[in-house]
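In the order they appear, the protein sequences are chains A, B and C.
Residues 0 to 377, numbered by numbering that gives the first Met the number 0, are exactly what the first sequence covers, in order.
Residues 0 to 339, numbered by numbering that gives the first Met the number 0, are exactly what the second sequence covers, in order.
Residues 0 to 99, numbered by numbering that gives the first Met the number 0, are exactly what the third sequence covers, in order.
We put the CB at the ideal spot given by N, CA and C, even for glycine.
Values in this document were obtained by computation on a predicted structure and should not be read as measured data.
This report refers to the structure that appears directly beneath it.
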Amino acid sequence: MPAADSSQELKFRDPERARALTEALRRNVEAIGREVSVMHVCGSHEQAIARFGLRAVLPQGLRLIMGPGCPVCVTDGAEVDEAVALARQGVRVCTYGDMLRLPGTSQSLADAHAEGARVDVVYSVDQAVELARAHPGEEVAFLASGFETTAVATAAAALEGPPQGFSILSVHKYVPAAMELVAALPQTRIEGYLAAGHAATITGWAVFEPFARRTGAPVVVAGFEPLDILAALVAVTELIRDRRPEVRNVYPRCVTREGNLPAQRALWQVFRQRTGRWRGIADVPDGNLELTPAFARLDARRRFRIDVAAVRDQGAEAEALGCICGSIMLGLASPSDCALFGRACRPESPVGACMVSSEGQCRIWHTYGGLPDLREVG
Amino acid sequence: MAKPVQRIGLKHGSGGRAMRQLVEEVFLTLATPVDGVGLAALDDGAALRVGDRWLVLTTDSHVVQPPFFPGGDIGRLSVSGTVNDLAMMGATEPLGLTCAVILEEGYPREELERVVASIRDTAREAGAPIVTGDTKVMGKGQVDGILLNTAGVGLTDRVVTDAGLAPGDLIIVTGTIGDHGMAVMAHRHDLRLSGDLRSDVAPLNGLVRAALRAGGEGVVAMKDPTRGGLAGVLHEMAAKARVGIVVDEPALPVRDEVRAAADLIGIDPLLVANEGKAVLGVRPGAAERVLAALRAHPLGARAAVVARAVAERPGTVILDTGFGKRMLAEPEGELLPRIC
Amino acid sequence: MCLGVPGKVIAIDGLKATVDFFGVQRELRLDIVDQPVQVGDYVLNHVGYAIRRIPPEEVGETLALFDQILREAAGAEDLMAADVRGELAAGKPGPGSAGG
């Protein structure tokens with residue numbers, strides 16, 4: 000938390016409290032008395048955990064696994080092919096930076112750009128709308144990626160009445176569907192979940208109550224500062240220890256029970272859920288967000304005949320090459336289990352999506368060094 | 000999806016791993032033995048023995064877009080870059096600089112004159128005369144506006160390389176990190192940020208001279224963190240000296256503006272370029288007086304000890320975050336703003 | 000997913016707000032924020048849209064929450080310790096000891 004008075008900020012990074020929370024966590028895990036697996040479903044959580052070196056201080060008995068919480072990683076090759084095809088067909092494609100280098104079955108948008116297609120990186124969807132406004136007569140398609148947290152911004156742009164030339168190619172995904180998927184896996188040994196704090200800012204935390212009851216696993220909503228994450232881990236291990244499949248909100252400054260109602264209204268006016276293919280994971284019921292019929296005129300898939308055949312490379316499925324991103328994203332394997340990790344698959348030459356995205360587990364492990372024991376160094 | 004690399008990509012110019020590999024695989028074939036520091040050392044410059052002194056030689060090309068950015072321009076960048084490379088080898092009194100320019104047909108003359116005025120001002124600031132040059136013009140679309148190449152020569156009694164760290168040495172950075180790269184990125188990607196984000200581009204030879212005078216042989220390694228940022232420099236120093244480096248993250252000097260902009264777009268200031276800072280490896284006994292000398296100089300006010308060399312894990316750079324330790328990866332590819 | 004960064008609103012013009020991120024400022028859209036926003040409020044930014052008005056009392060409340068979590072954890076520990084003391088007093092072996 001900010002403050003022109005940065006001492007406030009320091010209170011969410013205060014090493015004293017961090018030590019106390021880590022100690023409490025250790026005791027909880029000890030009291031549980033067996034190896035316990037907790038899953039988080041947010042790339043930003045993995046980033047924060049890695050960035051602050053938190054894995055180095057977590058107790059041995061706690062397995063903190065990253066689930067399918069990287070929206071870039073779960074964007075299917077076929078979806079990227081659509082964006083690439085559009086760009087090659089002469090449409091100006093705007094995208095968030097995160098998606099630029101994600102490979103489709105044969106190319107990424109960056110590759111298409113290098114070959115002459117018009118691809119613009121934008122920080123905000125309203126910049127794409129502005130581009131369309133500034134170039135009337137041109138087609139500007141916005142590759143709408145990200146989870147519901149980001150979809151609400153796309154919805155706001157759609158509701159604002161963008162110009163004729165603007166369209167949306169939605170590859171948005173919905174997080175609660177991912178949690179359902181993981182919980183339903185027979186191999187799952189997840190005993191508790193950390194919910195994504197910013198997605199929950201939109202949806203509210205009540206949505207997790209039926210999930211917790213049904214699965215018997217507690218859900219704790221967590222923020223992104225080191226203390227937020229440690230406190231959430233203390234809370235979830237306590238609930239696991241006491242066998243209480245409840246929902247607890249440890250990010251009250253951003254998350255409320257009902258969530259952000261105006262944003263939800265905008266979201267469900269513009270989007271609806273459908274089953275979609277998540278990269279490496281196959282079909283996720285209700286996992287994708289598509290434009291509702293009322294917004295059909297903005298839907299790039301209806302406006303254009305997208306010639307994916309021209310860019311698809313059927314033979315190049317990453318899985319065929321030994322990529323296990325799917326298993327990694329479901330928390331069934333870790334990057335170190337993958338034969339390609341760090342060898343054939345590196346950030347500058349990624350095979351799977353988990354290595355492309357800055358929030359992909361493999362990319363994060365590669366960047367931050369996985370789980371080396373650095374306690375004794377220096 | 001791994002394809003064999005047949006074509007040069009933008010990542011090959013971004014100062015990270017890919018560029019290093021390209022240089023090692025392709026350009027190192029040009030290296031031949033010399034009496035001094037040659038191509039094979041891949042240092043900031045070359046040092047050739049001339050009598051009982053060393054002639055330091057360096058060259059740089061500058062293709063920055065946009066050519067004018069908050070805090071500087073391509074002219075100031077070229078002169079500073081070359082002066083600083085000489086200084087990083089120990090040659091803090093440049094004998095002369097060259098300036099070759101390639102212009103795109105249609106380039107506005109008034110802009111050219113602005114660039115040249117900046118070259119003149121920066122050269123004067125550094126005490127480095129421009130002594131020769133070259134001019135070329137290419138057809139519209141064949142080059143992006145303006146391309147500058149500068150080379151420089153200087154003499155020094157002692158060459159300081161980037162490979163001199165030993166376990167126990169301390170690493171000092173002369174000021175705040177990430178300034179140049181964030182200013183350029185904000186501009187280039189139309190991030191719509193307002194605030195004082197400006198490049199730190201400046202010639203450092205005076206600052207380095209002060210540090211060398213104070214530290215003498217206690218200054219054992221020097222390098223400036225341009226593309227690839229401080230992370231890139233630390234990796235090179237660790238690899239070449241075969242030491243581990245542990246960084247004290249809370250000690251890193253970062254301007255509020257840079258921190259705020261970096262947080263907004265999800266970038267780590269450690270990976271972001273500087274054009275007016277230097278990284279010095281110093282023997283522990285010399286650190287205090289080098290630090291004092293730096294801080295007494297206007298360009299070194301925020302100098303700080305930020306890391307130390309260790310014997311463990313040679314070639315790796317480890318970050319102590321204050322909560323736990325983690326590895327710091329080598330920079331890879333162009334930095335892009337992210338939203339996730 | 001979702002880089003969310005807090006900032007302070009320093010000016011408002013209809014649905015646009017100028018927000019200070021403690022070093023740089025940027026304009027944010029207010030279309031989908033959860034409550035009406037005023038100059039001086041803190042908001043959470045995601046992709047150029049404010050997605051939450053952060054109530055000012057929340058910083059203090061969050062710290063109180065962390066301390067409560069710590070107390071609960073310590074409390075459970077104390078209860079366990081009390082149990083052990085009780086059992087020892089009654090002559091029974093404590094948890095983890097042989098036999099019993």
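Helix, strand or coil at residue i [DSSP, three-state]
{"i": "A308(B)", "result": "strand"}
{"i": "F165(A)", "result": "strand"}
{"i": "Y122(A)", "result": "coil"}
{"i": "G275(B)", "result": "coil"}
{"i": "G151(B)", "result": "strand"}
{"i": "K7(C)", "result": "strand"}
{"i": "F210(A)", "result": "helix"}
{"i": "S356(A)", "result": "coil"}
{"i": "S335(A)", "result": "helix"}
{"i": "P94(C)", "result": "Annotation note: pLDDT 45 at P94(C) (below 50); position unreliable, no value reported."}
{"i": "T153(A)", "result": "helix"}
{"i": "S198(B)", "result": "coil"}
{"i": "V33(B)", "result": "coil"}
{"i": "K139(B)", "result": "coil"}
{"i": "V310(A)", "result": "coil"}
{"i": "W53(B)", "result": "strand"}
{"i": "N83(B)", "result": "helix"}
{"i": "T274(A)", "result": "strand"}
{"i": "V172(B)", "result": "strand"}
{"i": "T202(A)", "result": "helix"}
Top-ranked residue by Cα proximity to residue i, from the options
{"i": "S169(A)", "options": "G60(A), D110(A), R271(A)", "result": "R271(A)"}
{"i": "R25(C)", "options": "V32(C), V38(C), D33(C), K15(C)", "result": "K15(C)"}
{"i": "L57(A)", "options": "E34(A), N248(A), R25(A), E147(A)", "result": "R25(A)"}
{"i": "L279(B)", "options": "L233(B), E124(B), T91(B)", "result": "L233(B)"}
{"i": "E248(B)", "options": "S117(B), L318(B), R48(B)", "result": "L318(B)"}
{"i": "F303(A)", "options": "R91(A), I64(A), D227(A)", "result": "R91(A)"}
{"i": "D84(B)", "options": "D42(B), R108(B), H186(B), I73(B)", "result": "D42(B)"}
{"i": "R362(A)", "options": "E208(A), R62(A), Q46(A)", "result": "Q46(A)"}
{"i": "F207(A)", "options": "L229(A), A177(A), V233(A)", "result": "A177(A)"}
{"i": "L184(A)", "options": "L232(A), T21(A), I31(A), V283(A)", "result": "V283(A)"}
{"i": "P162(A)", "options": "A182(A), V118(A), G136(A)", "result": "G136(A)"}
{"i": "A293(A)", "options": "P225(A), A86(A), A154(A)", "result": "A154(A)"}
Cβ neighbours of residue i in the same chain (closer than 8 angstroms, five flanking residues each side left out)
{"i": "L158(A)", "result": "A265, Q268, V269"}
{"i": "R33(A)", "result": "G60"}
{"i": "A10(C)", "result": "A16, T17, V38"}
Amino acids of chain B, ordered along the chain, whose beta-carbon sits closer than 8 angstroms to that of residue i
{"i": "P251(A)", "result": "Correct list: empty, because the minimum Cβ distance to chain B is about 22 angstroms."}
{"i": "V71(A)", "result": "C339"}
{"i": "L14(C)", "result": "Result: empty, since nearest Cβ-Cβ is about 16 angstroms, beyond 8 angstroms."}
{"i": "P14(A)", "result": "G321, F322"}
Residues sharing a beta bridge with residue i, DSSP
{"i": "H45(C)", "result": "Y48(C)"}
{"i": "Y192(A)", "result": "M38(A), V218(A)"}
{"i": "M221(B)", "result": "L279(B)"}
{"i": "F390(A)", "result": "Given that chain A is displayed from residue 0 to residue 377, the structure contains no residue 390(A) and the question cannot be resolved."}
{"i": "C344(A)", "result": "F340(A)"}
{"i": "V100(B)", "result": "T134(B), L147(B)"}
{"i": "L318(B)", "result": "V246(B), R325(B)"}
Neighbour list for residue i in chain A, Cβ cutoff strictly below 9 angstroms
{"i": "R301(B)", "result": "The contacting residues do not exist; R301(B) stays about 16 angstroms from chain A at best."}
Cut-off 7 angstroms between Cβ atoms - residues of its own chain near residue i, not counting five sequence neighbours on either side
{"i": "E81(A)", "result": "L168, I305, V307"}
{"i": "E124(B)", "result": "P202"}
{"i": "A295(A)", "result": "R301"}
{"i": "A210(B)", "result": "V218, L279, V289, A292, L293"}
Chain-ordered chain C contacts of residue i [CB-CB under 7 angstroms]
{"i": "G194(B)", "result": "G22, V23, Q24"}
{"i": "D125(A)", "result": "R28, G47"}
Chain-ordered neighbours of residue i on chain B, where CB pairs are closer than 7 angstroms
{"i": "F51(A)", "result": "T320, F322, G323"}
Contacts of residue i in chain C (Cβ-Cβ under 9 angstroms)
{"i": "P261(A)", "result": "D30, I31, V32, D33, Q34"}
Interface residues of chain A facing residue i [CB-CB closer than 8 angstroms]
{"i": "L190(B)", "result": "Y122"}
Chain-order list of residues whose beta-carbon lies under 6 angstroms from that of residue i (same chain, five-residue window excluded)
{"i": "A240(B)", "result": "A162, L164"}
{"i": "N204(B)", "result": "V82, A86, T91, A125"}
{"i": "G22(C)", "result": "none"}
{"i": "A199(A)", "result": "V220, V254"}
{"i": "G314(B)", "result": "A237, A238"}
{"i": "A285(B)", "result": "G214, G217"}
Partner residues on chain C for residue i, Cβ-Cβ distance less than 8 angstroms
{"i": "I201(A)", "result": "I50"}
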